[in-house]
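Per numbering that gives the first Met the number 0, the very first residue in the sequence shown carries number 0; after that it's consecutive. The C-beta atom is built at its ideal place from N, Cα and C for all residues, glycine as well.
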Amino acid sequence: MYRERVDVKFHNEDDTLSYFSKSTYRFNKDKSGCRTLNDVVTIIHVPILGTALKLQQVSSMGLSIFNDAVPLLFQKSKNIFLKTTVRELLFDGVFINCSYPADSFPAGAVCSGLRARAPASYRRVGEDFYFSMFGSLNGTSTERVRVSRGEVDPGSVGRITAVRGNATLSNWRPGSPCNLINGTDGTVFPPFLQNTTVLPIYTAASCRSLYLLYRGGTTLGGVPLRRYAIDTNMLASGRDYPPNRRRSSKMSGEERELQSCLPMGAMDLSPCSGSPVILTFPHFYLGDPIFLEYPVGLSPRQEDHETIVDIDPVTGVPLRAKKRVQLNMFLKKMEDFAYLSSVSEGLFPILWMEEGITLQGDSLAKVSRSHMMLAALGLLPWLVTALGALLTVAGLVYLTGVARILGASCSPRPQAGARPGRARGRARGRDQSHAAPAAAPRGRGRGRRAARTVQ
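In structure tokens:
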């Protein structure tokens, strides 16, 4: 998977820029080992189950019509399970036959409804449709997002200010805090996060903002990082976490009550995706134990199924990140729908995905060198102080040595052939003449020499 920002526009009037996020999905043969796109898998039949769940909410007659149309639309399907290749499931799509006149019944009526309002996972080719997980999204751009550039306020860099031109969302019930847009898109955060414990991020896939909580310190290639993980309250029931009480979609009656009271670890995405999809962590990690009673073979583990982001606290750039989510649908018994008349009920996993990034090679080495330089700069004031003290001591030692040398050079040298005792005596006399009168001369010659000395 590769993401890029396209159609970038700068808005100097409020220090923001706007862009579309373009996603490209490709099969990585090198990392897939012995697995290929031609591998055959069996999963729940998402188009049939999803349509049945939606029709059950709005029209029992519509559900009856769809029941009769299924064998015509999905000619290879014999039950609620879909057997297909990885290529068709992820990219090319599962064929939905809609080559029926609009006035034909029942298939033509259902296909007319699809043409008017097909889910995002449906790709139209002529009169027909293809369902896939990523095919219709591959190489396409999502909603336009506007973010702060951070030139005026560095602490706001990357913060989303509008989505589709609106400062708030309308996917959730009126008054729900889920309609508020907070945080960045998760690819960049404000710098200097040393004391930040909560980071908001906006995710287009869930049409809401989520929160990351500080978990502790970690490293990558010797670079110190701060690890953040998704706040588990984001997937909590409204009974356990009151802010989520108004999270549920714009349903009414029993179905809204069911969705608003999902057990811990699940989030209804139908207001965002238009399909009755439930979001959880992989293998129902951190979810209510009741989820594990239905499917067989799941084993939730923190190291494999947790969503984490390791951020450089100086720059605010994630150097390592793993986003892990699982998509599920409720398998529900419906007496009047042949494909669901005898199923057991529970939350059925469809697939789980991991998106990640780990900085490596030269890029990581550059970050490591930058941190070493910053560490050196942090020591600079202490080095300057120490160097100043060292220079001061050296200067004092130097001046003391110079003073000793000068003092020694000012002392008179003894004359050749003179006896040391008399030379020292004359020196003392000369030194003392500046402070006291000369002593009385002893003899004529010696007196003249003393007088010349005083002058």
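According to DSSP, residue pairing for S140 in a beta bridge involves K21. In summary, S131 is buried, with 16 or more beta-carbon neighbours lying within 10 Å of its beta-carbon over all protein chains present. The C-beta separation of Y213 from R225 comes to about 6 angstroms, placing the pair in contact by the 8 angstroms criterion. For F128, no alpha helix (DSSP H) encloses it; the enclosing beta strand (DSSP E) starts and ends at 127 to 130.
In this structure, L36 places its C-beta atom within 8 angstroms of the C-beta atom of R86. The DSSP-derived three-state label of G315 is coil. Judged by DSSP in its simplified three-state form, L219 adopts strand. For F9, the enclosing beta strand (DSSP E) starts and ends at 1 to 10. Taking 3 residues as the minimum length, the beta strand (DSSP E) runs contained wholly in the segment 341 to 375 are 345 to 357, in order along the chain. Taking the Cβ atoms as the reference, V109 lies roughly 20 angstroms from I43, outside the contact range of under 8 angstroms.
Contact check between the segment 325 to 336 and the segment 271 to 289: three or more CB pairs, one atom from each, fall below 8 angstroms, which counts as touching. Under the rule that a run must span 4 or more residues, the alpha helix (DSSP H) segments found entirely inside the segment 40 to 99 read 45 to 57, 59 to 72. Within the segment 154 to 180, the complete beta strand (DSSP E) runs of at least 3 residues fall at 159 to 162. Selection H304, S340, G273, V366 evaluated against T314 yields V366 as nearest (Cα-Cα).
Just measuring C-alpha positions, the residue of I289, T357, F336 sitting nearest K321 is T357. Of the residues C271, S274, R238, the one whose Cα lies closest to the Cα of L261 is R238. By DSSP's assignment, K332 forms no beta bridge with any residue.
A residue is called buried once 16 or more other Cβ atoms fall within 10 Å of its Cβ, and A115, having fewer, is exposed.
DSSP places M263 outside both helix and strand once states are collapsed to three, so it counts as coil. Listed in chain order, the non-local C-beta contacts of S140 below 7 angstroms within the same chain comprise V5, F19, S20, K21, local neighbours out to five positions each way being set aside. Looking from the CA of T218, the closest CA among D309, Q74, I349 belongs to D309. When DSSP reads this structure, K321 sits in a beta bridge with I307, G355. Counting along the chain, P270 sits inside the alpha helix (DSSP H) bounded by residues 269 to 272. The alpha carbon of Y293 has as its nearest neighbour, out of G264, Y284, V7, L346, the alpha carbon of L346. Between the segment 54 to 73 and the segment 84 to 103, the count of C-beta pairs closer than 8 angstroms reaches three or more; the two stretches touch. Residue environment analysis places G215 among the exposed positions, since fewer than 16 neighbouring C-beta atoms fall within 10 angstroms of its C-beta. V151 is positioned such that its CB atom lies no closer than 8 angstroms to that of I159. Distance from A228 to E344 at the Cβ level is roughly 32 angstroms; contact not present, criterion being Cβ atoms closer than 8 angstroms. Taking the CA atoms as reference points, S208 sits about 44 angstroms from S103. Look at N194 here: in three-state DSSP terms it is coil, with no helix or strand label. For V109, the enclosing alpha helix (DSSP H) has its first and last residue at 106 to 115.
Ranking S76, D67, I79 by CA distance to the CA of G107 puts D67 first. DSSP places N27 in the coil class of the three-state scheme, outside both helix and strand.
Rounded to the nearest whole angstrom, the C-alpha separation of L363 and D230 is 28 angstroms.
Within the DSSP bridge table, the entry for L16 names F9, V146 as partners.
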